[in-house]
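Protein chains in written order, with the numbering used here: chain A, 360 to 659; chain B, 360 to 659.
Using N, Cα and C, we set each Cβ at its ideal position, and we do this for glycine too.
Since we're looking at a predicted model, the values are computed, not measured.
Written below as structure tokens is the structure these notes are about.
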DNA sequence: CATGCTGCATTTAATTATTTAATACATAAA
DNA sequence: TTTATGTATTAAATAATTAAATGCAGCATG
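In structure tokens:
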């Protein structure tokens, strides 16, 4: 019943590696220096030094510390295996919601989720608290959490918000200097779109990836932490929804390719108004697709 | 070392009040019914019933429960005093940052904050996790949290984002139907602006409230949960920053009144383009003011 | 026989306790 | 004077613990 000592263990091995770079009999730097090297506090360093002394790796008297012998592989201490970690929890969580088609207003059990995602309950709660800012989840009066989205209203508001951000991005692309990397990206995207259009009969399912790349390229011009944060969620949601909605996928994708090309045309002509108009057309289609995919789920 | 029984205590008093509405000798509803009435689980209801029985308020055998006497005030159980609660934690936290001018890159101690705000550490962590979505705080590698904003970059990006949202709101106002409450609000705002302009020499500090009301009215037209969430933070930050920056306050406010009136004029003329242009002008001024107020803090 | 209530058992959530780690401060050595 | 160490204090992460919620089986009642 306490926090893990992973931090100590990692630091110990790091210090061991550092000692390996020193010759035998060498003086070992001060605790403060070692703390800097390992990126931890002195408290941990002192635990490490105690162990090094116990194992006879160093002598330690007052401020005189000497390396007695070269560290061996067996001197290292084992680390608890890392697991998937909470770094990509967001991806995995949204993936889970969408893949298993978790309906709106489902109670979420932190205990259960922490098992399925193999992260401590604590991290999960923190994550859910973050998501609640996007209105995807909320706390229940009787405790625990509740999945709110994806209702029709949520999808509409998300689409509208996306349109706003994307229109802004397109405007900024149109005003980007000629040496901005976005132009190279768009030129490559044009080729890839044309290539896919030629092979649409067989490769139409490849469009999903291309779509994500397209919107990412456009939005890469916008340097704004708030917008970037939202784009992560938006792109995930749209991306996954498209992946399932298999109705008329080929026709839809073929149309979307043309819509993308129209935007690229307008941008390369530096015609901001035309680009914005083309973007609005494209996003209206997206919105319709998203909504119809929801309707399918409601019926099934 | 466990969760509090506040839920039980509140439920007990609620059940007591319910019993007060019944005549003596009356049959008490089923556990499930009582659970619905009190808004808690059956587990709590059974604890309540046990206590009611112990105190001789009810008889309880199998499913036959009878009220033996009218509940008195002394039958109620004490509640741990509520404290400020975590409902307005956001307001209080932002207020604290801005009022005490907490600089960027300050480590935040959950333990300390939980004391100053009188909320459990747990609630605070949840709150901070939410704020991290706005890029205001982030986790530190060595544990704990760190206040990131308000740097210059943060202010710029926030201003830009605000402009985007506000331009959108203005566009929607211009297209709002004649019977929409926003028109009445704007008409009142016009009068109040004119009144303040007339009394600007003495009442110029009153503008802050008017400013908040103006932007709230404009944004009230937008029905979007994502935008609404951001507006809360944005308005707080701008509002407070203006409150301190006392340099040339009168002149600034006088100018802002004219800018607001220009927007109202354009909107009431249903001239969306002019309204957007006026809004951009106004927000450019806002941005400059926000940035200069930051510069003042850096120097002081 | 169906419906709904209760008793019991299991699971989950909130919160404290505990251990690890970070930090602050005093003291001693260089 | 500067820098390192020793010691004490405080904070953070996490498991343990209790409160509460939920699920299910059996029983009473109409």
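Practice prompt. Output, in sequence order along the chain, the residues in the region 494 to 517 of chain A whose CB is closer than 8 Å to any CB in chain B.
Written response: Listed in sequence order: 494, 500, 501, 513, 516, 517.
Practice prompt. Within 10 angstroms of the Cβ of residue 430 of chain B, are there 16 or more other Cβ atoms? Answer buried if so, exposed if not.
Written response: Locating residue 430 of chain B in the second chain gives position 71, counting from the first residue. By the neighbour-count criterion, in which a residue is buried when 16 or more other Cβ atoms sit within 10 angstroms of its Cβ, residue 430 of chain B is buried.
Worksheet entry | Proximity to residue 504 of chain B [Cα-Cα], best of B:492, B:465, B:532, B:477 | As a working note, residue 504 of chain B is residue 145 in the second chain. Comparing Cα-Cα distances from residue 504 of chain B to each of B:492, B:465, B:532, B:477, the minimum goes to B:465.
Item to complete: Please list the partners that residue 392 of chain A has in chain B, where partner means a Cβ-to-Cβ separation under 7 Å.
Response: Residue numbering aside, residue 392 of chain A sits at position 33 when the first chain is read from its first letter. Near residue 392 of chain A there are no residues of chain B at all, since even the closest Cβ is about 17 Å away, more than 7 Å.
Practice prompt. Determine contact between the region 575 to 584 of chain B and the region 524 to 536 of chain B, defined as no fewer than three beta-carbon pairs at a distance below 8 Å.
Written response: The region 575 to 584 of chain B is in contact with the region 524 to 536 of chain B.
Worksheet item: If contact means a Cβ-Cβ distance below 9 Å, which residues of the region 546 to 562 of chain B contact chain A?
Response: Contact annotation: in the region 546 to 562 of chain B, no residue has its CB less than 9 Å from a CB in chain A.
Practice prompt. Output the distance between the C-alpha atoms of residue 383 of chain A and residue 477 of chain A, rounded to the nearest integer angstrom.
Written response: The residue labelled residue 383 of chain A in the question sits at position 24 within the first chain. The residue labelled residue 477 of chain A in the question sits at position 118 within the first chain. If you take the alpha carbons of residue 383 of chain A and residue 477 of chain A, they lie about 43 Å apart.
Discussion item. Let's test the definition: count the other Cβ atoms within 10 Å of the Cβ of residue 543 of chain A and tell me whether it reaches 16, buried, or not, exposed.
Written reply: Mapped onto the first chain, residue 543 of chain A falls at position 184. Residue 543 of chain A should be labelled exposed.
Worksheet item: Along the chain, which unbroken stretches of the beta strand (DSSP E) at least 3 residues long are found entirely within the region 466 to 524 of chain A?
Response: The DSSP assignment places complete beta strand (DSSP E) segments of no fewer than 3 residues inside the region 466 to 524 of chain A at 496 to 498, 504 to 506, in order along the chain.
Worksheet item: Short check: CB of residue 456 of chain A to CB of residue 517 of chain A, under 9 Å?
Response: Here residue 456 of chain A refers to the residue found at position 97 when the first chain is read from its first residue. Here residue 517 of chain A refers to the residue found at position 158 when the first chain is read from its first residue. Taking C-beta atoms as the reference points, residue 456 of chain A and residue 517 of chain A fail to come closer than 9 Å.
Worksheet entry | Chain-ordered residues of the region 483 to 494 of chain B with a beta carbon less than 9 Å from chain A | Taking 9 Å as the Cβ-Cβ cut-off, the region 483 to 494 of chain B approaches chain A at 484, 485, 486, 487, 488, 489, 490, 491, 492, 493, 494, given in chain order.
Worksheet entry | CA nearest to the CA of residue 520 of chain B, picked from A:435, A:587, A:605 | Here residue 520 of chain B refers to the residue found at position 161 of the second chain. The shortest Cα separation from residue 520 of chain B among A:435, A:587, A:605 belongs to A:587.
Worksheet item: Under a CB-based cut-off of 9 Å, is residue 588 of chain A close to chain B?
Response: Here residue 588 of chain A is taken as the residue at index 229 of the first chain, counted from 1. Interface with chain B (9 Å Cβ-Cβ cutoff): residue 588 of chain A is included.
Worksheet item: Going by DSSP, what residues sit across from residue 591 of chain A in a beta bridge?
Response: If you number the first chain from 1, residue 591 of chain A lands on position 232. In the DSSP output, where bridge partners are listed per residue, residue 591 of chain A has none listed.
Practice prompt. Please say whether residue 408 of chain A and residue 393 of chain A have beta carbons closer to each other than 9 Å?
Written response: As a position in the first chain, residue 393 of chain A is number 34, starting the count at 1. As a position in the first chain, residue 408 of chain A is number 49, starting the count at 1. At the C-beta level, residue 393 of chain A and residue 408 of chain A come within 9 Å of one another.
Item to complete: Using a Cβ-Cβ cut-off of 9 Å, state whether residue 520 of chain B counts as contacting chain A.
Response: For the purposes of this step, residue 520 of chain B is taken as the residue at position 161 of the second chain. It does; some Cβ of chain A falls within 9 Å.
Item to complete: Taking 9 Å as the cut-off, decide whether the C-beta atoms of residue 490 of chain B and residue 472 of chain B are in contact.
Response: Reading the second chain from its first residue, position 131 is the one you call residue 490 of chain B. Reading the second chain from its first residue, position 113 is the one you call residue 472 of chain B. Judged by beta-carbon spacing, residue 472 of chain B lies beyond the 9 Å limit of residue 490 of chain B, meaning their Cβ atoms are not closer than that value.
Fill in: Contact check, residue 640 of chain A vs residue 621 of chain A, beta carbons under 9 Å
Residue mapping note: residue 640 of chain A aligns to position 281 of the first chain, counting from 1. Residue mapping note: residue 621 of chain A aligns to position 262 of the first chain, counting from 1. For residue 640 of chain A and residue 621 of chain A, yes; Cβs fall inside 9 Å.
Worksheet item: Which of the three DSSP states, helix, strand or coil, is assigned to residue 384 of chain A?
Response: Reading the first chain from its first residue, position 25 is the one you call residue 384 of chain A. Of the three classes helix, strand and coil, the one that applies to residue 384 of chain A here is coil, per DSSP.
Item to complete: Mind reading off the beta-carbon distance from residue 425 of chain A to residue 387 of chain A? Whole number of angstroms is fine, and I expect it under 8 Å.
Response: For this step, residue 425 of chain A is matched to residue 66 along the first chain. For this step, residue 387 of chain A is matched to residue 28 along the first chain. The pair is a contact, with the Cβ atoms about 7 Å apart (cut-off 8 Å).
Discussion item. Going by DSSP, what residue range makes up the beta strand (DSSP E) through residue 424 of chain B?
Written reply: Counting from one through the second chain, the residue named residue 424 of chain B turns up at place 65. Run containing residue 424 of chain B: 423 to 426, per the beta strand (DSSP E) assignment.
Worksheet item: Can you tell me whether residue 363 of chain A is buried or exposed, with buried defined as 16 or more other CB within 10 angstroms of its CB?
Response: Here residue 363 of chain A corresponds to residue number 4 of the first chain, with the count starting at 1. Flag for residue 363 of chain A reads exposed.
Discussion item. Going by DSSP in three states, residue 418 of chain B sits in which element: helix, strand or coil?
Written reply: As a first step, residue 418 of chain B must be located in the second chain, where it is residue number 59. In this structure, residue 418 of chain B counts as strand in the three-state DSSP scheme.
Worksheet item: By a C-beta neighbour count over all protein chains shown, 10 Å radius and 16 as the cutoff for buried, is residue 501 of chain B buried or exposed?
Response: Residue 501 of chain B sits at position 142 when you count from the first residue of the second chain. Its Cβ having fewer than 16 others within 10 Å, residue 501 of chain B is exposed.
Worksheet entry | Option in A:653, A:524, A:570, A:428 with minimal Cα separation from residue 606 of chain A | Along the first chain, one-based indexing puts residue 606 of chain A at 247. Cα-wise, what sits closest to residue 606 of chain A is A:653.
Worksheet item: What three-state label does DSSP hand residue 528 of chain B in the structure shown?
Response: If you number the second chain from 1, residue 528 of chain B lands on position 169. Three-state DSSP puts residue 528 of chain B in a helix.
Worksheet entry | residue 433 of chain B: CB within 8 Å of a non-hydrogen atom of the ligand FMN | The model on display carries no ligand, and the ligand FMN is accordingly not part of it.
Worksheet item: In chain order, what residues of the same chain have a beta carbon less than 8 Å from the beta carbon of residue 562 of chain A, not counting five sequence neighbours either side?
Response: Here residue 562 of chain A corresponds to residue number 203 of the first chain, with the count starting at 1. The residues are 555.
Worksheet entry | Three-state class that DSSP yields for residue 377 of chain A in the structure shown | Here residue 377 of chain A refers to the residue found at position 18 when the first chain is read from its first residue. Assigned with DSSP and collapsed to three states, residue 377 of chain A falls in helix.
Worksheet item: Within this structure, are the beta carbons of residue 370 of chain A and residue 417 of chain A separated by less than 9 Å?
Response: Stepping through the first chain from its first residue, residue 370 of chain A is reached at position 11. Stepping through the first chain from its first residue, residue 417 of chain A is reached at position 58. No.
Worksheet item: Between residue 389 of chain A and residue 422 of chain A, what straight-line distance do the alpha-carbon atoms span, to the nearest angstrom?
Response: For this step, residue 389 of chain A is matched to residue 30 along the first chain. For this step, residue 422 of chain A is matched to residue 63 along the first chain. For the pair residue 389 of chain A and residue 422 of chain A, the Cα-to-Cα distance works out to about 8 Å.
Worksheet item: Helix, strand or coil: how does DSSP classify residue 409 of chain A here?
Response: Counted from its first residue, the first chain places residue 409 of chain A at position 50. Taken through DSSP and simplified to helix, strand or coil, residue 409 of chain A comes out as helix.
Fill in: CA-to-CA distance, residue 399 of chain B to residue 646 of chain B, given in whole angstroms
The sequence position of residue 646 of chain B within the second chain is 287, counting from 1. The sequence position of residue 399 of chain B within the second chain is 40, counting from 1. Each residue's Cα considered, the two are about 49 Å apart.
Practice prompt. Report the three-state DSSP secondary structure of residue 653 of chain B (helix, strand or coil).
Written response: Counting from 1 along the second chain, the entry for residue 653 of chain B is found at position 294. Collapsing the DSSP output to three states places residue 653 of chain B in a helix.
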